[in-house]
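The structure appears right after this line, and notes come after that.
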Amino acid sequence: DAKTTQPPSMDCAEGRAANLPCNHSTISGNEYVYWYRQIHSQGPQYIIHGLKNNETNEMASLIITEDRKSSTLILPHATLRDTAVYYCIVRPGYSGAGSYQLTFGKGTKLSVIP
Amino acid sequence: NAGVTQTPKFQVLKTGQSMTLQCAQDMNHEYMSWYRQDPGMGLRLIHYSVGAGITDQGEVPNGYNVSRSTTEDFPLRLLSAAPSQTSVYFCASSSPGQRAGSFFGQGTRLTVV
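Residue numbers (our numbering), protein chains in the order written: chain A, 1 to 114; chain B, 115 to 227.
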């Protein structure tokens, strides 16, 4: 059973912020939220992850709701090169074997429009 | 700094043939895994390894074998190729306790005719 729910597709104008939502209502206390993206069927690329605090890095920001049941990935100034499929994944934070397995859904196909 | 390297990039097999997809990483990661991706789908885990000499099955292991004799290499063997194994195969690696995510190779596109 799917652990995350994402819209199948979204459009965003170039230069604007892209806000990609993800629902993970069954997330447990030790599970992190990870985001990956896949461009043109290349290998997935790690973007960002978080547990309960908002996170920001050079690629994106991650906003996690207080109840941790949903999150939003924000690309602050989307470019054409950000057109990709974005995957939201939850995984345990402990170091056991199960923590390394990534369960991919179908993700959100983001199209950045000139 | 090569990261995760997969070879070959493309391969066409005839039904019943066997072959090995190669995966190597130079980051000294303990954990390595193989995924397959079918058109319009997310990635599905085939096999994984948490260290040299240790492997286990993922979601879709049938028809595939793996071994892990070194930390660097994690080959995936197709025993008797079938058209249903036509897919794109990705290898990934990560380190215990690492919170920075997994590193993926660029994929092997396999067609079985």
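Note that beta-carbon positions come from the ideal geometry of N, C-alpha and C, so glycine has one too.
Note that the structure is predicted; figures quoted are calculated from it, not measured.
- Item | For Asp187 (chain B): DSSP bridge partner residues | B:Ala138.
- Cβ distance (whole Å) where Ser63 (chain B) is taken to contact Tyr145 (chain B) below 8 Å: Residue 63 (chain B) lies beyond the stretch modelled for chain B, which goes from 115 to 227, so this question has no answer here.
- Message: Rounded to whole angstroms, what is the Cα-Cα separation between Phe217 (chain B) and Ala206 (chain B)?
- Response: 5 Å
- Message: Short of 6 Å in beta carbon distance, which residues of its chain neighbour Val85 (chain A), apart from the five on each side in sequence? Order them along the chain.
- Response: Gln38, Gly107, Lys109
- Task: Could you tell me which chain A residues have their CB closer than 9 Å to the CB of Val202 (chain B), listed as they occur along the chain?
- Result: Ser41
- Message: According to DSSP, simplified to helix, strand and coil, what is Asp1 (chain A)?
- Response: In this prediction, Asp1 (chain A) scores a pLDDT of 41, lower than 50, which makes its location untrustworthy; no coordinate-derived value is stated.
- Whose Cβ in chain A lies nearer than 8 Å to the Cβ of Met155 (chain B)? Lys106
- Item | Exposed unless 16 or more other CB atoms sit within 10 angstroms - verdict on Asn78 (chain A) | Before going further, note that residue 78 (chain A) is Ala rather than Asn in the sequence given. So Ala78 (chain A) counts as buried.
- Opening and closing residue of the beta strand (DSSP E) in which Val164 (chain B) lies: Where Val164 (chain B) is concerned, the enclosing beta strand (DSSP E) starts and stops at 157–165.
- Please list the partners that Pro21 (chain A) has in chain B, where partner means a Cβ-to-Cβ separation under 8 Å. Neighbours of Pro21 (chain A) on chain B: none; closest Cβ ~17 Å, over 8 Å.
- Evaluate contact between the segment 22–29 of chain A and the segment 61–70 of chain A, counting only Cβ atoms and requiring at least three cross-stretch pairs below 8 Å. yes
- Message: Distance check for Pro189 (chain B) and Gln120 (chain B), CA to CA, integer angstroms please.
- Response: 9 Å
- Task: Would you identify the three-state DSSP class for Gln125 (chain B), choosing helix, strand or coil?
- Result: strand
- Query: Which residues mark the beginning and the end of the beta strand (DSSP E) in which Ala13 (chain A) is found?
  - Reply: 9–13
- Message: My output table needs one value for Gln6 (chain A): the three-state DSSP class, helix, strand or coil.
- Response: In the structure shown, Gln6 (chain A) adopts coil according to DSSP, grouped into three states.
- So which residues on chain B does Gln6 (chain A) lean against when the C-beta distance must stay under 8 Å? Chain B residues near Gln6 (chain A): none, gap ~10 Å exceeds 8 Å.
- Just how far apart, CA to CA, sit Ile74 (chain A) and Met59 (chain A)? So the alpha carbons of these two residues sit roughly 9 Å apart.
- Over what stretch of residues does the beta strand (DSSP E) that includes Pro175 (chain B) continue unbroken? Unbroken run through Pro175 (chain B): none, as it is neither H nor E.
- Item | Separation of Gln151 (chain B) from Gly130 (chain B), as counted between CA atoms | If I take the Cα positions, the gap works out to 21 Å.
- Quick one: Cα of Ile160 (chain B) to Cα of Tyr203 (chain B), how far? 9 Å
- Query: DSSP state of Pro21 (chain A), grouped into three classes?
  - Reply: strand
- Item | Chain-order list of residues whose beta-carbon lies under 8 Å from that of Thr169 (chain B) (same chain, five-residue window excluded) | These residues qualify, in order along the chain: His161, Tyr162, Ser163, Val180, Ser181, Arg182.
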